[in-house]
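Let me begin by presenting the structure, written as structure tokens, before commenting on it.
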Amino acid sequence: MNTVWILILIQTMVVFVLDLSGFVEDGIQPFFRKWLGGNLKTKPFLCSLCMTHHISLLYIIVTGQFSIYLWALICLLAWLTPITKNILITVKDILGKALDQIAIYLHLNE
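Numbering (numbering that gives the first Met the number 0), first residue to last: 0 to 109.
Dropping the structure here:
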């Protein structure tokens, strides 16, 4: 798979896990409160911009693909994480409304 697409997928997965899934509030924060006696407030681990940058940069370094162009793309993708979050929410809302319309149509034709 093309490196650009992999970086886009990494960004999308990070946004989903950190911003949309509730994993931070329901999984990570309770773990830190129970076992470490406090809240996780370290920005790199809770920030989709930071995590997108760090994971993507690590990916291109480990795979031997580092270039200034890919790093610039990573910075752009990291900066666009709020937009990706909004796109994912919009797609979910559109699909939900479409399914509602299908359900209404099916009930009317019974």
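We put the CB at the ideal spot given by N, CA and C, even for glycine.
Computed from a predicted structure; not experimentally measured.
Item, Value
"If you drop the 5 nearest sequence neighbours on each side, which residues of the same chain put their C-beta closer than 6 Å to that of F135?", "For the chain, the structure presents residues 0 to 109; residue 135 sits outside this window and is missing."
"Is the Cβ-Cβ distance between L56 and T80 less than 9 Å?", "no"
"What number of angstroms, rounded off, separates the C-alpha of Y104 from the C-alpha of G95?", "14 Å"
"Exposed or buried, T89, counting other C-beta atoms within 10 Å across all chains shown (16 or more means buried)?", "exposed"
"Put Q64 into one of helix, strand or coil per three-state DSSP.", "coil"
"Take V13 and list the residues in its own chain whose beta-carbon comes closer than 8 Å to its own, dropping the five residues that flank it on each side.", "S47, M50, T51, I54 and T80"
"L6: which of Q64, I86 and I101 sits nearest, CA to CA?", "Q64"
"Could you give the distance in angstroms between the alpha-carbon of D99 and the alpha-carbon of T62?", "44 Å"
"Give me the Cα-Cα distance between I101 and N85, rounded to the nearest whole angstrom.", "24 Å"
"Looking at L69: is its Cβ nearer than 9 Å to the Cβ of T2?", "yes"
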